[in-house]
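According to this note's numbering, the residues represented by the sequence shown are 278 to 766, in order.
Positions of the beta carbon are idealized from the N, C-alpha and C atoms, including for glycine.
Keep in mind the model is a prediction, meaning the values are calculated, not measured.
Working notes, beginning with the structure itself.
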Amino acid sequence: MSRRVFARLPLRVRLVAAVVLLVTAALVAISVAGVAVLRGQLLDRIDGQLIPVTDSNANRPLPQNPGEVPPGSDIGIGPAGGGRGLYRVQWRDANGKVVNDASQTADDIGSPDVPDDVAWLNRHTGHPVTLPARGVDATWRVLVRPLHENTGWVVVAVSLGELNATISNLVCIDLVVGGLALLLLSIVSVVMIRAELRPLIEVEQTAAAIAAGDLSQRVPDHPLQTELGQLCRALNGMLHQIEEAFDARVESAATARRSEERMRRFVADAGHDLRTPLSVIRAWADYARQGPPRDRVELDRILSTVGLEATRMGTMVDDLLLLARLDQQRGLERQPVDLLALAVDAVRDAQLLAPDREIRLAADDHTAYLVTGDEMRLRQVLTNLTSNALTHTPPATPVLIRLSPGRLGDVAALVLDVVDQGPGLTAEQAERVFERFYRTDASRTRSGGSGLGLAIVDSLIVAHGGTVNVQSSPGGGATFRITLPLDDS
278 MSRRVFARLP LRVRLVAAVV LLVTAALVAI SVAGVAVLRG QLLDRIDGQL IPVTDSNANR
338 PLPQNPGEVP PGSDIGIGPA GGGRGLYRVQ WRDANGKVVN DASQTADDIG SPDVPDDVAW
398 LNRHTGHPVT LPARGVDATW RVLVRPLHEN TGWVVVAVSL GELNATISNL VCIDLVVGGL
458 ALLLLSIVSV VMIRAELRPL IEVEQTAAAI AAGDLSQRVP DHPLQTELGQ LCRALNGMLH
518 QIEEAFDARV ESAATARRSE ERMRRFVADA GHDLRTPLSV IRAWADYARQ GPPRDRVELD
578 RILSTVGLEA TRMGTMVDDL LLLARLDQQR GLERQPVDLL ALAVDAVRDA QLLAPDREIR
638 LAADDHTAYL VTGDEMRLRQ VLTNLTSNAL THTPPATPVL IRLSPGRLGD VAALVLDVVD
698 QGPGLTAEQA ERVFERFYRT DASRTRSGGS GLGLAIVDSL IVAHGGTVNV QSSPGGGATF
758 RITLPLDDS
């Protein structure tokens with residue numbers, strides 16, 4: 278029961294109580310040992326005086342008359358024995374009866390209670406013993422010796438009044454000094470323990486703030502040489518891991534929500550874009566089946582339209598399959614590819630498609646533009662970017678493909694820019710332009726595209742370990758920039 282009650286007390290109270298109890302036990306042990314040692318030493322001094330006096334009187338004959346002191350008897354014991362020289366010397370006959378008594382005593386200390394018993398006298402012969410006084414609260418130190426020729430006993434006693442007073446004074450001093458020491462120790466312990474436990478209060482407050490949702494809180498640092506410093510470092514490390522795990526969980530949940538939203542939009546857009554050519558094919562098929570007989574020319578026109586829509590739908594399905602393979606992180610071919618040669622081919626193809634435009638290539642002929650990757654897929658990236666520039670800008674708008682050295686983090690890289698001077702993109706359009714099935718508004722007119730070209734560019738460049746982004750502003754044209762690491766072979 279007491280253990281449970283003690284366990285419910287605050288830590289600072291238990292620490293102060295433990296310190297006070299331990300010091301109290303130590304002070305008591307020291308005081309008891311000191312009193313015992315001092316009492317023993319004083320008794321040894323008294324015994325040292327009792328023995329020669331008793332031996333001297335034991336060699337004298339037993340006095341024959343009451344009050345007679347044997348000639349040459351030594352009955353004086355100095356202050357070292359009893360302080361005030363309070364003593365008593367008794368001569369007893371063979372039956373243990375007192376024959377003579379020489380004493381120097383005070384009324385308040387009485388006389389030693391020595392039994393008139395031969396057996397007791399024989400049992401304590403030669404051994405100093407402490408006896409109480411008759412009728413008063415006092416004690417005596419007594420030594421018994423047999424007389425010459427065993428005619429009786431001599432009993433010499435010294436009062437222990439001064440010894441007891443000395444011991445009592447020492448006990449009082451120990452109590453007063455020990456009490457003051459315990460009081461001072463309690464005050465100092467309370468102050469020091471509260472100061473030492475203040476960091477734990479800070480830890481408690483930090484834990485409460487974290488429990489309230491503020492994961493950025495940290496425990497104040499302390500010297501690592503101390504246990505508290507090691508605890509704080511361990512706690513801060515744990516809190517850092519928890520915060521990172523929580524942030525990763527939040528980011529994962531946000532990513533999952535964004536992915537789910539993109540998937541829903543992707544499915545809806547794919548269904549919408551696939552429904553259009555299917556509707557056209559079904560409409561023309563119904564028209565050819567339900568109408569009057571057609572001539573060969575009209576049938577060829579119907580079949581041509583159906584074929585174009587089927588081709589468009591097949592292209593879209595191929596793009597979707599490519600994106601699905603990239604999402605599954607299927608491996609691409611890895612070999613050195615000359616990006617300059619691909620850019621030259623892209624410019625030539627674009628000039629054939631738009632002979633009225635100014636389409637230029639800017640590159641340093643003395644630089645090796647080699648990257649590691651899949652040549653066919655990189656060629657598709659350049660085709661999609663130039664096709665995007667030709668499709669979404671006015672007919673006379675110039676297009677520039679520019680190659681230059683660059684950096685990708687700490688790695689040397691190549692930068693390929695496809696620059697047009699068209700109507701440009703708003704900030705929202707630039708942010709979403711690489712999303713699947715995303716199409717800009719009327720300022721960048723759609724001309725039969727599926728909305729997957731730039732999404733394919735983004736996925737292919739990421740699969741090659743590079744980056745792609747767009748820099749644009751309304752009316753200021755658009756620059757699509759690709760950065761790929763250099764070939765390290």
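S681 carries a strand assignment under DSSP once its states are collapsed to helix, strand and coil. Boundaries of the beta strand (DSSP E) around A434: G429 to S436. If you compare the alpha carbons of G373, V468 and A379 with that of V435, the shortest gap goes to A379. Per DSSP, R713 lies in no beta strand (DSSP E) segment and is marked neither H nor E.
In the structure shown, Q698 adopts coil according to DSSP, grouped into three states. Note that the C-beta distance between G650 and V614 is below 8 angstroms. Boundaries of the alpha helix (DSSP H) around P329: L288 to A335. Three or more Cβ pairs closer than 8 angstroms define a contact, and the region 416–434 falls short of that threshold against the region 300–310. For T331, same chain residues with a beta-carbon under 6 angstroms away, outside a window of 5 residues either side, are L420, R422 and V433 in chain order.
Q494 sits in coil when the DSSP states are folded into three classes, being neither helix nor strand. Here the alpha carbon of P632 sits roughly 25 angstroms from the alpha carbon of L702. Taking all protein chains in view, the Cβ of C449 is surrounded by fewer than 16 other Cβ atoms within 10 Å, so the residue is classified as exposed.
In summary, S681 is exposed, with fewer than 16 beta-carbon neighbours lying within 10 Å of its beta-carbon over all protein chains present. Annotated three-state conformation of G742 is coil, per DSSP. Following the DSSP letters along the chain, one finds T416 inside the beta strand (DSSP E) bounded by residues T416 to P423. The DSSP-derived three-state label of L638 is strand. At the C-beta level, W417 and P389 come within 8 angstroms of one another. In the DSSP assignment, D378 is bridged to Q367. Among the bridge pairs identified by DSSP, I759 is matched with L693 and V745. Sequence-distant partners of L617 (beyond 5 residues in either direction) whose C-beta falls short of 7 angstroms from its own C-beta, in its chain, are A640, Y646 and L680.
Between the alpha carbons of L304 and V297 lies a distance of about 10 angstroms.
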